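Structure first, commentary second.
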Amino acid sequence: MSTLVNVVRPPLWLTVAGALASLTTLIPLIYLSQRAFGGGWESVVELLNRPRMALLLWNTLSLGVAVTATAIVLGLVSAYFLARVYLPARRWWLVMATIPLAVPSYLAAYGLLAAFPTTQGFWGSWLVLVAVTTPYVTLPVTAALRAGTTDFDDLSRTLGAPGWKALLPGTWHQIRGATLAGGLLVFLYTIADFGGVALFRFPVLTTAIQQAYGASYDRNLAALLSMILVALALVTVFFERRARGRLFTSKTSTRARSRLHPLTGKNIWLGIVLLIAPVVGAVIPVGVMVVRMFDVNALQEVRWDNLASATVNTVVLSFGGATIGLLLALPIGILAGRYRSRIVSTIESLGYLPLGLPGIVVGLALVFFALSTVPVLYQTAFLLACAYGLLFMPKAVGTIRQSVRAIPTSLVDVSSSLGYSTRQRLVSVYLPLTRTSFLVAWLLIGVTAMKELPATLMLRPTGMNTLATELWAKTDVASYGAAAPYALMLVIIAAIPTLLLVRSETTQEVKS
Numbered sequence: 327m328s329t330l331v332n333v334v335r336p337p338l339w340l341t342v343a344g345a346l347a348s349l350t351t352l353i354p355l356i357y358l359s360q361r362a363f364g365g366g367w368e369s370v371v372e373l374l375n376r377p378r379m380a381l382l383l384w385n386t387l388s389l390g391v392a393v394t395a396t397a398i399v400l401g402l403v404s405a406y407f408l409a410r411v412y413l414p415a416r417r418w419w420l421v422m423a424t425i426p427l428a429v430p431s432y433l434a435a436y437g438l439l440a441a442f443p444t445t446q447g448f449w450g451s452w453l454v455l456v457a458v459t460t461p462y463v464t465l466p467v468t469a470a471l472r473a474g475t476t477d478f479d480d481l482s483r484t485l486g487a488p489g490w491k492a493l494l495p496g497t498w499h500q501i502r503g504a505t506l507a508g509g510l511l512v513f514l515y516t517i518a519d520f521g522g523v524a525l526f527r528f529p530v531l532t533t534a535i536q537q538a539y540g541a542s543y544d545r546n547l548a549a550l551l552s553m554i555l556v557a558l559a560l561v562t563v564f565f566e567r568r569a570r571g572r573l574f575t576s577k578t579s580t581r582a583r584s585r586l587h588p589l590t591g592k593n594i595w596l597g598i599v600l601l602i603a604p605v606v607g608a609v610i611p612v613g614v615m616v617v618r619m620f621d622v623n624a625l626q627e628v629r630w631d632n633l634a635s636a637t638v639n640t641v642v643l644s645f646g647g648a649t650i651g652l653l654l655a656l657p658i659g660i661l662a663g664r665y666r667s668r669i670v671s672t673i674e675s676l677g678y679l680p681l682g683l684p685g686i687v688v689g690l691a692l693v694f695f696a697l698s699t700v701p702v703l704y705q706t707a708f709l710l711a712c713a714y715g716l717l718f719m720p721k722a723v724g725t726i727r728q729s730v731r732a733i734p735t736s737l738v739d740v741s742s743s744l745g746y747s748t749r750q751r752l753v754s755v756y757l758p759l760t761r762t763s764f765l766v767a768w769l770l771i772g773v774t775a776m777k778e779l780p781a782t783l784m785l786r787p788t789g790m791n792t793l794a795t796e797l798w799a800k801t802d803v804a805s806y807g808a809a810a811p812y813a814l815m816l817v818i819i820a821a822i823p824t825l826l827l828v829r830s831e832t833t834q835e836v837k838s
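327 is the number of the first residue of the sequence shown in our numbering; add one for each residue after it.
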C-alpha cells in the first residue's frame, strides 16, 4: 500500500492551529532571553566571568561526551547481540535491554548511593547516566539492524575481511543514522540531568541553575545559565541533523533478512555487556528498594496516606500534561505527516524544539512567564501540567507524523472523491486509523512526565507532592528507608512504557 506526502497547500485552519501550537515552544526562550539580557551586556559579561563558570561548562561537556561515548559502545554491542544472534527467550533479553528506560537517573542514583554511600562526583554520575541512557542507543540500532541485511558483511568476508572488520563497511553504513540519533538523545539527556548529578554532588550547569534559582537574589544568573544550556543543546541538535542529512539511504530489498548467528561461548560476552546497563540502572536500585521496604524501622517512617496522595497527584498531573501535549502535537503531526512545504517544515522543526530544552530550563522560564504575565497561574497545577505538555510534546509529534504518513493514499482519495471536506476526512479516515498511535503517545508522555523532577520542583503548587518530589526530598537528606516506597511505586508506574515497547517489538517480529 502506497502512501503520499502532499505538496499542495494545507488547509488554512490546520496551518494556523499548527503554527499556534509550535509557537508555544518559543515561550521559554523569549522569557529567558528577557531575564538573562535585561540588565545589558555589561551584566552578562560580568556573570560570564565568574570563576565557576568555566568549571560548570567543562563538567557539563566532559560528562556529556563521556556518557555518550560509553553509551554508544554499550548500545552497539547490545544491539548486535539482540539483532544478529539467535537467542532463546528473546523476550527476556529485550525486557532487560529496555528496562532502564523505566528508571529516572535520580532513582538509579538513590539505589547506588544506598548500596555504596561513598560514591560521589564524576564517576558516580557517569556510571548512573550510562546505565539509564544506553537503551536510547540500543533500541534504534537494534531496529536498524533488523531492517537491514547481512549481505554486505558476507561480501566483505568473501573478500578476505577478518572478524569484526567485515562488519564495518556494510553494517555501520546501515546503523550510522540510528547511532547518531541515539547518541543525540543520550547527550541531551545527560546535559539536562539534574537529579542524578545533584545526588552525587557533581557541579554542572543544571545544579547551578537550581542553586541560583533558590537564591532569589540571583535569578538573572539562573536565566543566563539556562540560555547557555539551551544554546549547547540546540548546537548539538544542529550538528546531528547536518550529519544525519548527509547519510546515504540504501536501496536493499525489503525482503532481505539478516542471518542470525547461533549463541555460543564466543559471543555470549555480548550478552554480558548488554546486562551492564539493566543491572546498574534497574536491578541494583530495585533490589535496594525491596530490601529497604522490609526494614522495620523504615516501614515505621513511612506515611502511607502521604504515599497515596503523592501517587494520585503524580498520575493526575502527568496525564493532564499528556493531554495538553497531545493536543499541541496533533496539528503539527498531521501537517508533517500529510503535507510538505517550507511552512510545514518550520512548524515541525519548532515542534521538536523542546528536545533541546531541559526540564529545569522550561520550569524556570514558565516561572518568569507566570510572574510577569499571568501571576494567578504561578504555582498552580495547570501551569505544571502545561510544562509537562510542552516538554514532552515531541514524543507525540513523531508518533502522530508516522501514523498519519502510513495511511494509504487510496483511502484518502476515495474519501475526497465522495466529497469529504478536510475536517470530515480527519474524523472519518485519519482518527480511526491513528487512534491507537495517539493513545500510545498520550501514555508515553504521561509516564515520562511522572519522572520529571526539576520542572516539578519549580512549578508544583505549595503543599502538593508527587512521587518524584517525595523521593528527592528523602534521598537528599539520606533518608533512604523512607524513600523506598516512593521509589518502588514510581518504578511500578513507569514500567508501563517498557511493556509497550516489548509488545511492539515482539509483534513486529511475528509479522516479519
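Backbone N, C-alpha and C define an ideal beta-carbon position, used for all residues, glycine too. All figures in this text were calculated on a predicted structure; none of them were measured in a lab.
Cβ neighbour criterion (16 or more within 10 Å) applied to residue i
i, result
"P611", "buried"
"F620", "exposed"
"S858", "In this structure the chain extends from 327 to 838, so residue 858 is not present and cannot be described."
"W367", "exposed"
"R629", "exposed"
"S404", "buried"
"I517", "buried"
"G646", "buried"
"P604", "buried"
Delimiting residues of the alpha helix (DSSP H) encompassing residue i
i, result
"P426", "Element bounds for P426: n/a, residue is neither H nor E."
"N639", "W630 to R664"
"Y678", "From DSSP, Y678 is part of no alpha helix (DSSP H); its letter is neither H nor E."
"S369", "W367 to L374"
"P611", "I610 to M619"
"V700", "From DSSP, V700 is part of no alpha helix (DSSP H); its letter is neither H nor E."
"S667", "Where S667 is concerned, there is no enclosing alpha helix (DSSP H), given that its DSSP letter is neither H nor E."
"P811", "Y806 to A820"
"R731", "A707 to R731"
"A415", "That residue, A415, is in no alpha helix (DSSP H); it is neither H nor E in DSSP."
Contact set for residue i: own chain, Cβ-Cβ below 6 Å, skip 5 residues either direction
i, result
"N552", "As written in the sequence, residue 552 is Ser, which differs from the Asn given in the question. Closer than 6 Å at Cβ, skipping near neighbours: L358, I535, V687 and L690."
"A821", "A428"
"Y812", "L793, E796 and L797"
"A487", "Caution is warranted here: a pLDDT of 48 is assigned to A487, below 50, making its placement in the model unreliable, and the coordinate value is therefore given only provisionally. Here the set comprises nothing."
"R636", "First, the residue type needs correcting, since residue 636 is Ala and not Arg in the sequence shown. Result list for A636: N791, T792, L793 and E796, in chain order."
"L560", "G682"
Pick from the options that is closest to residue i, judged by C-alpha positions
i, options, result
"F407", "A423, T533, V530 and L710", "A423"
"F565", "P443, M619 and G509", "G509"
"I726", "L692, A696, P701 and G651", "G651"
"G401", "T460, R666 and F442", "T460"
"S644", "W768, P604 and Y539", "W768"
"G807", "L779, T640 and R618", "R618"
"T762", "S388, F520 and V730", "V730"
"L710", "F764, R668, P377 and T782", "T782"
"W339", "I660, I554 and V614", "I660"
"A457", "A362, W418, Y432 and R472", "Y432"
"F363", "P337, A548, L439 and G447", "A548"
"P800", "I353, N632 and V766", "Position check: residue 800 holds Lys in this sequence, whereas Pro was assumed. Nearest C-alpha to K800: N632."
"A775", "T640, R668 and R666", "T640"
"R818", "I353, L355, I425 and A559", "In the sequence as presented, Arg is not what sits at residue 818; that position holds Ile. The shortest C-alpha separation from I818 is found at I425."
"M379", "T444, A538, G437 and R416", "A538"
Rounded separation between residue i and residue j - CA only
i, j, result
"W384", "L797", "29 Å"
"L653", "I673", "15 Å"
"I501", "V467", "6 Å"
"V342", "K721", "21 Å"
"Q705", "A557", "27 Å"
"G685", "L785", "11 Å"
"L381", "A608", "31 Å"
"R816", "V670", "Just to set this straight, residue 816 is Leu in the shown sequence, not Arg. So the alpha carbons of these two residues sit roughly 38 Å apart."
"F442", "L453", "13 Å"
"L840", "S388", "In the structure as shown, the chain starts at 327 and stops at 838, and residue 840 therefore has no counterpart that could be examined."
"L770", "K777", "11 Å"
"L465", "A392", "20 Å"
"L550", "R361", "8 Å"
"S369", "Y665", "45 Å"
"A809", "P337", "52 Å"
"V766", "Y714", "16 Å"
"S698", "A524", "29 Å"
"L438", "P780", "20 Å"
Same chain only: Cβ atoms within 8 Å of residue i, ignoring 5 sequence neighbours per side
i, result
"T351", "L676, G677, L679, P680, L683, L716 and M719"
"I398", "V463, T505, G508, G509 and V512"
"R527", "Q446 and G447"
"W419", "F407, L408, L413, G597 and L600"
CB contact check: residue i to chain E, cutoff 8 Å
i, result
"R378", "Of the protein chains in this structure there is only one, and it is not chain E."
Closer than 7 Å: residue i CB and nearest the ligand COA heavy atom
i, result
"R416", "The ligand COA is not part of this structure, which contains no ligands at all."
Proximal residues to residue i (C-beta, below 7 Å), its chain only, five neighbours per side dropped
i, result
"I658", "G344, A347, S348, I673, E674, G677 and V723"
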